[in-house]
Every structure is written in structure tokens, then in C-alpha cells.
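**Q** Structure in C-alpha cells, see below.
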Amino acid sequence: MPVFHTKTIQMILEPVAEQVSTLVLIHEQGKDGNQMPDLINPILTVKAAVSNLVKVGKDQIKDTKDEILKLDTPPALEKVETSADMLVQASQLLSIDQKRETAEMTPEGMEGRKKLIAGSRGILQGTSDLLLVFDEAEVRRICKVCRNVRDYLNQSSIVAGMEDLVVFVKSLTPGTTTLARMIGDRCKDLTNQNHVAALTEEMDQVKAYIPGLISSLKAFVQTVDKPGKAQEAAIGNREYYTTQISERITEIIRLLQLVSTDDANTD
Amino acid sequence: EQILEAAKSIATATTALVKAASAAQKELV
């Protein structure tokens with residue numbers, strides 16, 4: 691059974707993966723000599739669902755600004771479409787085999803079974819590819835928010851008065867709140883619990899460092915006209931907190947891009 | 018969301034198809 695990257699993908703694909711495995715097993719054990727039932731109706735249902743997916747997929751990439759999504763979606767859609775066509779061919783071949791009068795399978799029956807398995811596997815693989823393409827787009831969306839927050843931290847160096855500080859905090863807070871929510875949602879969906887633990891830890895550290903950053907900025911504002919040790923300490927603290935938060939966000943970006951099997955790279 | 022719904026429909030339809038094919042073969046086992 692494949693390892694699914696997210697619970698959403700797992701929930702969608704696991705039942706079909708199980709059924710395809712069963713069919714493959716029956717075929718490999720040579721136990722699929724029975725005449726197949728008429729599969730044209732279920733195959734037409736699959737074909738209609740594929741047509742809908744292709745339409746939805748094409749609509750989604752038409753509107754997106756994500757160039758990678760635009761590039762990666764068509765091959766996955768093509769794989770699903772080709773596989774659906776293979777299922778139709780399978781049903782035509784199997785209908786010839788249904789007319790046989792002996793226990794022995796016809797060449798069409800054998801070919802039809804092969805196409806049925808290849809088509810079902812292709813649908814599974816193509817749908818999986820497509821879901822992963824969209825999942826990667828979602829990861830890029832979260833990474834963009836990460837980079838925006840990380841870039842905004844540079845503004846801390848120009849905070850010189852109380853008014854600047856208020857603007858800085860007012861601008862930083864929505865970004866970090868959005869980021870925390872997105873990371874929380876992502877953690878709920880990931881299947882690799884090592885990645886979840888690492889992401890949660892990094893995000894908790896970001897949240898823990900923010901009050902320290904604000905305090906250091908406040909201390910700098912209070913000493914802005916009084917150069918000396920207190921001001922130096924405030925600058926040192928500001929640099930420490932911005933560096934820490936920035937590094938934690940960089941690590942979050944790295945962790946978000948890992949796939950479910952990348953366990954060795956968690957540390 | 019639309020992609021997820023469309024993918025769910027494919028998965029459901031393919032599961033039903035493969036299940037029907039397997040069931041017919043299992044009768045022989």
C-alpha cells in the first residue's frame with residue numbers, strides 16, 4: 691500500500707488503492723478466469739467523473755498565478771484521461787470474452803483484464819499525482835506567508851518611536867496569526883507525525899519569541915535618544931529575537947516541503 | 018475544494034468498478 695502524504699489524500703485514495711491491490715492479487719494468482727460481469731456502466735461512471743475532474747482541473751489552473759501548478763497539472767490530468775480510455779477498451783474486450791462458451795479465457799479476456807488493471811492503477815496514480823500537485827501548491831502558499839512574515843521582521847530595525855512600534859506590531863500580528871493557523875491546519879492533515887512534531891515545535895518557538903522581540907523594540911524606543919549600554923542591550927536583544935524567529939521560519943519552510951517518507955531529514 | 022470533490026468522485030467510481038470486477042473473480046476462488 692502506498693504511503694499517503696496527507697490525511698485528506700489518504701481518505702480519498704486508500705479505499706481505491708485497497709480494491710486495486712485486491713484485483714491485482716487475484717490476477718497475479720491466476721484466479722481471474724471467471725467471465726467478468728458487464729462493466730460498461732461502472733466504467734462510464736468513472737469516465738464521467740474523470741471528465742469532471744479534467745474540467746475542474748483546467749478551470750483551476752486557468753485562474754491561478756502559481757506557474758508550477760499550471761505546468762504540473764496537465765500531465766496528471768492526461769494520465770487520468772488516458773487511463774479512463776484504457777478502461778473503456780477493457781470493457782470492449784471483456785464484452786467479447788463474455789460471449790465465450792468454454793471455461794477457457796479468450797485472448798480478448800486476458801487483454802481486457804490487463805487493461806482493466808492498468809487503467810485502474812493509472813486512475814489511482816493520476817489522481818494521486820493531481821492531488822499531490824495541488825497539495826504542493828498549498829505548501830507554496832503557506833511558504834509565501836512564511837517568507838512575508840520573515841521579510842517583515844527586517845522592518846524592526848527601523849522602529850525608532852512608539853508610533854513605529856505600534857505600526858510594526860499591528861502589521862506583524864495578522865501575519866503571525868495567519869501563519870500559526872495555517873501551520874496548525876497543516877499539522878492536522880499531515881500523516882508523518884515526526885514532521886508534525888517538528889513543525890509544531892518550530893511554530894511554538896516563533897510564538898514564544900515574539901513578546902521578546904516586542905519588548906526589545908520597546909526598550910530601544912525608550913533609549914533612542916540615550917546612547918549607551920541600555921540601548922546596546924536593546925539592539926542586541928532585537929537582533930537576537932529577529933534572528934531566532936527568522937531561523938525558525940526558515941526551518942518551517944524546509945519542513946513544509948518534506949514529503950511523508952523524508953524521515954531522515956526531520957532533524 | 019473542487020479538486021478534492023472531483024477526486025473523491027473518481028475514487029468512489031473506481032472503487033465500485035474494481036470491487037465489481039474482483040467480486041466476479043472471487044466466486045471462482
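Protein chains in written order, with our numbering: chain A, 691 to 957; chain B, 18 to 46.
Here a beta-carbon is modelled for each residue, glycine too, at the ideal position from N, C-alpha and C.
1. Could you confirm whether any beta carbon from chain B is found closer than 8 Å to the beta carbon of F694 of chain A?
2. Write down the C-beta distance between L946 of chain A and C833 of chain A rounded to the nearest angstrom, noting that I regard them as a contact closer than 8 Å.
3. Is any beta-carbon of chain B found at less than 8 Å from that of G766 of chain A?
4. Assuming I935 of chain A and L843 of chain A form a contact by the criterion Cβ under 8 Å, report the distance between their Cβ atoms to the nearest whole angstrom.
5. Please list, in chain order, the residues of the stretch 738–751 of chain A that have any C-beta partner in chain B closer than 9 Å.
6. On a CA-only basis, which of A:C836, A:K916, A:M852 is nearest R938 of chain A? Give me that one, please.
7. So, do the stretch 707–719 of chain A and the stretch 919–932 of chain A have three or more beta carbon pairs nearer to each other than 8 Å?
8. Taking C-beta to C-beta, are A870 of chain A and L759 of chain A nearer than 8 Å?
9. Please return the same chain residues whose Cβ sits closer than 8 Å to the Cβ of Q700 of chain A, not counting the five positions on each side in sequence.
10. So within the stretch 829–886 of chain A, which uninterrupted alpha helix (DSSP H) runs reach at least 4 residues, ignoring any that extend past its ends?
11. Looking at the unbroken alpha helix (DSSP H) that takes in Q782 of chain A, where does it start and where does it end?
12. Who are T696 of chain A's beta bridge partners in DSSP?
13. Please compile the residues from chain B whose C-beta is within a distance smaller than 9 Å of the C-beta of S810 of chain A.
14. Kindly say whether Q845 of chain A, judged by its beta-carbon, lies nearer than 8 Å to any beta-carbon of chain B.
15. Looking at the structure shown, is I950 of chain A part of a helix, part of a strand, or coil, going by DSSP?
16. Given that L703 of chain A touches chain B, what residues does it touch there, using C-beta distances under 7 Å?
17. For V770 of chain A and Q779 of chain A, I'd like the C-alpha separation in whole angstroms.
18. For Q709 of chain A, which residues in chain B fall below 7 Å Cβ to Cβ?
19. Determine the direct distance from the alpha carbon of T866 of chain A to that of D894 of chain A, and round the result to whole angstroms.
20. From which residue to which residue does the alpha helix (DSSP H) around A738 of chain A run?
21. Could you tell me whether the stretch 747–766 of chain A touches the stretch 779–794 of chain A, where touching means 3 or more Cβ pairs closer than 8 Å?
22. Thinking V829 of chain A and L777 of chain A are a contact (beta carbons under 8 Å), I'd like their distance in whole angstroms, please.
23. Compute the beta-carbon to beta-carbon distance between A924 of chain A and F910 of chain A, rounded to the nearest angstrom, for a pair I have assumed lies under 8 Å.
24. I'd like to know whether the C-beta of V778 of chain A is nearer than 8 Å to at least one C-beta of chain B.
**A** Once the coordinates are examined:
1. Residue 694 of chain A sits at position 4 when you count from the first residue of the first sequence. Cβ-Cβ to chain B under 8 Å: no for F694 of chain A.
2. For this step, residue 946 of chain A is matched to residue 256 along the first sequence. For this step, residue 833 of chain A is matched to residue 143 along the first sequence. Confirmed, Cβ separation roughly 6 Å.
3. For the purposes of this step, residue 766 of chain A is taken as residue 76 along the first sequence, with counting starting at 1. The amino acid at residue 766 of chain A is misidentified as Gly; the sequence shows Ala. No, its Cβ sits nowhere closer than 8 Å to a Cβ of chain B.
4. On the first sequence, position 245 is the one that residue 935 of chain A refers to. On the first sequence, position 153 is the one that residue 843 of chain A refers to. With 8 Å as the limit, I935 of chain A and L843 of chain A qualify as a contact, their Cβ atoms being about 6 Å apart.
5. A738, A739, V740, N742, L743, V744, K745, V746, G747, D749, Q750
6. The residue given as residue 938 of chain A occupies position 248 in the first sequence. Checked all of A:C836, A:K916, A:M852; the closest Cα to R938 of chain A is A:C836.
7. no
8. Reading the first sequence from its first residue, position 180 is the one you call residue 870 of chain A. Reading the first sequence from its first residue, position 69 is the one you call residue 759 of chain A. No; because the gap between Cβ atoms is not below 8 Å, this pair is not in contact.
9. Here residue 700 of chain A corresponds to residue number 10 of the first sequence, with the count starting at 1. So the list reads F694, T881, once near-sequence residues are dropped.
10. 852–879
11. Translated into the one-based positions of the first sequence, residue 782 of chain A becomes position 92. Residues 757–787.
12. To locate residue 696 of chain A, count along the first sequence from 1; it is residue 6. Answer is A:L880, bridged to T696 of chain A.
13. Here the question's residue 810 of chain A lines up with position 120 in the first sequence. Residues of chain B passing the Cβ test: T31, L34, V35, A38.
14. By 1-based counting over the first sequence, the position of residue 845 of chain A is 155. Chain B, which has no Cβ nearer than 8 Å to the Cβ of Q845 of chain A, makes this no.
15. In the first sequence, counting from the first residue as 1, residue 950 of chain A sits at position 260. Before going on, a small fix: residue 950 of chain A reads as Ser here, not Ile. Three-state DSSP puts S950 of chain A in coil, outside helix and strand.
16. The sequence position of residue 703 of chain A within the first sequence is 13, counting from 1. Residues of chain B passing the Cβ test: A28.
17. The sequence position of residue 770 of chain A within the first sequence is 80, counting from 1. The sequence position of residue 779 of chain A within the first sequence is 89, counting from 1. V770 of chain A and Q779 of chain A: Cα-Cα distance of roughly 14 Å.
18. Translated into the one-based positions of the first sequence, residue 709 of chain A becomes position 19. What Q709 of chain A touches in chain B: T32, V35, K36, S39.
19. Along the first sequence, read from residue 1 onward, the residue named residue 894 of chain A stands at position 204. Along the first sequence, read from residue 1 onward, the residue named residue 866 of chain A stands at position 176. So the two alpha carbons sit approximately 11 Å from each other.
20. Along the first sequence, one-based indexing puts residue 738 of chain A at 48. Counting along the chain, the alpha helix (DSSP H) containing A738 of chain A begins and ends at 730–753.
21. no
22. Numbered from 1 along the first sequence, position 139 holds the residue referred to as residue 829 of chain A. Numbered from 1 along the first sequence, position 87 holds the residue referred to as residue 777 of chain A. Wrong, their Cβ atoms sit about 32 Å apart, outside the cutoff.
23. Within the first sequence, the letter at position 234 stands for residue 924 of chain A. Within the first sequence, the letter at position 220 stands for residue 910 of chain A. With 8 Å as the limit, A924 of chain A and F910 of chain A qualify as a contact, their Cβ atoms being about 4 Å apart.
24. In the first sequence, counting from the first residue as 1, residue 778 of chain A sits at position 88. V778 of chain A does not count as touching chain B.
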